[in-house]
Amino acid sequence: MAGSGQGRHGEFVECRLRHRRRYRLVRRPGSHANSPALGCSFPASFCQGGQTEEVPKTPGGQLLRQQRVVRPRTMEMNPRGLIRDFLFALCVFQVFSVMAGQGAGGEIPGGSALPKLGQVPHYVGSADCRECHRDQHSSWHRSYHRTMTQLPSRESIKADFNNVSLTNNGVRFTLFQKTHEFWVRMARIGAPGIQATGEASAEFPIGLVTGSHHMQVFWVGDEEAQCQVGFPFTWLIPEKKWVPRNSTFIRPPHAQHRSETWNQVCARCHSTAPQPNLDRGARRWKTQVEELGISCEACHGPGEKHSHLFRERAKAGLTGPVAEPHIINPEKLSPVRASQICGNCHSMKWWESATGWPVREFPYRPGDDLEATTPIIRPKEIDRQPWLKRVLERNPELLADFFWPDGMVRVSGRDYNGLIESPCYKSGQFSCMSCHSMHDSEPASQLARHRTDQRACLQCHPKFGAEEALVAHTRHRAGSSGSQCYDCHMPHTSYGVLKAIRSHQVSSPSVTVSKATGRPNACNLCHLDKTLEWTAEHLERWYGQRKPELSGEERTVADSVRTALSGDAGQRVLWAWHLGWEPARKASGGDWMVPVLGQMLDDSYAAVRCVAERSLRRIGAQWIPKEYEFSRESPERSSALPWVLEQWEAGKSARGVAPGATLMTGSTNQVRESMDGLVRRRNERDVRLRE
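For the sequence shown, this note's numbering gives the first residue as 756, with consecutive numbering after it.
Below you can see the structure in the form of structure tokens.
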């Protein structure tokens, strides 16, 4: 130890480790050592939180214990795309090589690579808020916002670190624990373009973990650049298994996987008050954040003045309201300004990267006008956004990565883009909080307790509170999924975290729009056994929509089957999810969709395969071959469909006849031939959906 002292947020200790490196570890009063924080340029997608009560210890604050010899369990991960791109593993190995020299025989390396916590001016942290706002703190504490990023601990990590071995492109990663710490041992055993050097290995601690709802992503430190680099495997929480990170996204199978830097890609939206502080010349980060995850001040603004004011009032024995509380309450803002607080993260926005992020922080604070600092990308208004034209000249695929052709956002975490294009919002009375609540909701959806059903819509459309009026409008039985406003007007046409997600752009079903954009319409997403012509005829008869010209297949083949097998990857993954969606299966009858999902188990996109497997499991686990693994390039993939068809044929006598438009009639060979015909015409264009 070289010295110690007292800082604004508590004690700090400054020490010199081996090789003359200096590290400053900060401890806030009553809390753990210097902590990292998280954020994400593509917010609220895979990085969704969980619940943790115990404050963990940072891996940078413990002495290195004697290395134990362990025998790892082996699990091969070898997906196309990720394996072809060995650059990420090589990059990480170079990081580990630096770290290995510092770790042997001394303190654990990694502390300097973590963002500094609790040193942002004018912020005080959620613990300060708890003193007066215990109920609000408690409801926030159990939310997934809080756990967007955590320090690694037995409470925060759901993944298996019990001596698991993962192999990627000739590099072996062994995951193990040292008491309360989580570690990775990497051995370079030979890879394309890398000369094998035996079992040369390095060990390093996990620095950060993001997610505890759908999946968990892990980060390790690059001490030279002082940043966090993504680990190339992800833990899927429902399946309780490791998969290559690249397999969890809709990305072209041949695309190179590039390493992610937490400080740049994630810190924007998954931490509170992030200050990236990239020194481009030195290629080093000096990142600071106030707190891990999304805490109180992310929505209410910096709390220093507010906290000081009420502490002084308490000392003076003063109570009651004040004229200026120096804090933002979103409920007291206009619908526009209140929604912009959410939109700061849940949107696709623009800024000048040369002088803004990641060189310095975003200037926006809750209550400000978001459009004044980081305007929202709106494809429908490109003529009024000249900067967007310049962006598209450099990156012409940008809009396709985030939006449907008509400008509707199509990826998760960008709900604000959909909201502001909705007629409800444009009326001036509708905001995010019309449906959602941070403090009065269940964490999974954050729908306010009194807004989980039709009541959310009846705020503005009270006439449909009468059953007779509702049925006359929907043409569906009251209480059925077809009479749920959001199933028709907010269908699951966005995608992220390996599932379909409700669109937040309120719209009405239209076959004309479906043909023009390729986006499935709400009618066919529920009535899986029906054709586009069936939908067009009903919309014409019920609502006066003009029926568009349709092709032969659009008139005779169920839209779900046709597009699930011949559409592009973005369309296929949505249909894979809906084919297992219980309300749609109930409306469509039977298990006739099993062969279609069986075909999708061999899709060229790993994420499509994953979603198809999940849908099949919802129908019945017996439909999945025992050795099937969606993330592998293995014989089980190509043999999955014959196996599924064999099981399906065996139980055919116990089922009714499948609807003719589904093509699932006749013999197994006829079914296979019908599906093969659609697959041969599949749209194989490269699709990348940037969550």
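In this text, a Cβ means the ideal position worked out from N, Cα and C, and glycines have one as well.
Asked                                                                                                                  : Found
Status (buried if at least 16 other CB within 10 Å, exposed otherwise) for G794                                        : Any answer about G794 is weak, because its pLDDT of 28 lies below 50 and its placement is not dependable; what the coordinates show is given next. Flag for G794 reads buried.
When P907, R909, H892 are compared against R901, the one with the closest alpha-carbon                                 : H892
Contact check, V1020 vs M1103, beta carbons under 8 Å                                                                  : no
Exposure of D890, with buried meaning 16 or more beta-carbon neighbours within 10 Å                                    : exposed
Rounded Cβ spacing between A1361 and S1002 (contact assumed at less than 8 Å)                                          : 4 Å
Straight-line gap, G856 to F959 (C-alpha atoms, nearest Å)                                                             : Bear in mind that the predicted position of G856 carries a pLDDT of just 35, short of 50, making it unreliable; the figure below should be weighed with that in mind. Cα to Cα, G856 sits roughly 11 Å from F959.
Spatial neighbours of G1309 in its chain, beta-carbon cut-off 6 Å, leaving aside the 5 residues before and after       : The sequence shown places Glu at residue 1309, rather than the Gly named in the question. Cβ neighbours of E1309 beyond the five flanking positions: L1287.
Residue nearest to C887 in terms of C-alpha spacing, selected from T1074, G1220, W997                                  : T1074
Collapsed DSSP secondary structure at L1021 in the structure displayed                                                 : The sequence given here places Cys at residue 1021; Leu does not occur at that position. DSSP places C1021 in strand when its eight states are reduced to three.
Distance between D1358 and V1434 (C-alpha atoms, nearest Å)                                                            : 10 Å
Segment limits, alpha helix (DSSP H) that includes M1355                                                               : 1349 to 1355
Residue nearest to A1376 in terms of C-alpha spacing, selected from V1349, R1392, E1059, V1363                         : V1349
Assigned exposure category for G1335 - 16 Cβ within 10 Å defines buried                                                : buried
Nearest-angstrom Cα separation, counted from P1090 out to Q1030                                                        : 28 Å
Neighbourhood of D1431 by C-beta distance below 7 Å, restricted to the same chain and skipping five residues each side : none
Residues near L1280 in its chain [Cβ-Cβ closer than 6 Å; skip 5 each side]                                             : P1246, H1333
Range of the contiguous beta strand (DSSP E) that encloses A957                                                        : 956 to 960
Cβ shell of R885 (< 8 Å), same chain only, five flanking positions each side left out                                  : H892
For W1289, three-class secondary structure by DSSP                                                                     : helix
Anticipated Cβ contact below 8 Å, T1423 with E1446, distance rounded                                                   : No, T1423 and E1446 are not in contact; Cβ-Cβ is about 37 Å, not under 8 Å.
N- and C-terminal bounds of the alpha helix (DSSP H) containing Q1402                                                  : 1390 to 1405
D1123 - DSSP class collapsed to helix/strand/coil                                                                      : coil
Inter-residue Cα distance where the pair is V964 and T929                                                              : 17 Å
Nearest-angstrom Cβ-Cβ length linking I1005 and R1443, presumed shorter than 8 Å                                       : 7 Å
L1088 versus L1213 - alpha carbon distance                                                                             : 22 Å
N-terminal and C-terminal residue of the alpha helix (DSSP H) that P1338 is part of                                    : 1337 to 1343
Which listed residue (D883, C1024, E1152) has its alpha carbon closest to that of S1062                                : D883
Span of the beta strand (DSSP E), counted from its first residue to its last, around L1280                             : Note, L1280: premise wrong, no beta strand (DSSP E); alpha helix (DSSP H) at 1277 to 1281.
Every unbroken beta strand (DSSP E) inside the region 1195 to 1273 [3 residues or more]                                : 1249 to 1251, 1254 to 1256
Residue environment, G1325, which counts as buried when at least 16 other CB atoms sit within 10 Å                     : buried
Same chain, Cβ closer than 7 Å to W990, five either side skipped, listed in chain order                                : K913, A914, M970, Q971, W997
Nonlocal neighbours in the same chain, by C-beta distance under 7 Å from R1092, ignoring five residues either side     : G1122
Limits of the unbroken alpha helix (DSSP H) element including N1099                                                    : Segment: none, N1099 is in no alpha helix (DSSP H) and carries neither H nor E.
Beta carbon of L1305 nearer than 8 Å to that of A1339                                                                  : no
S920: first and last residue of the uninterrupted beta strand (DSSP E) it sits in                                      : 919 to 923
Local Cβ density within 10 Å of R775, reported as buried at 16 or more and exposed below that                          : Only weak support exists for where R775 lies, its pLDDT of 29 falling under 50; the value from the coordinates is given anyway. So R775 counts as exposed.
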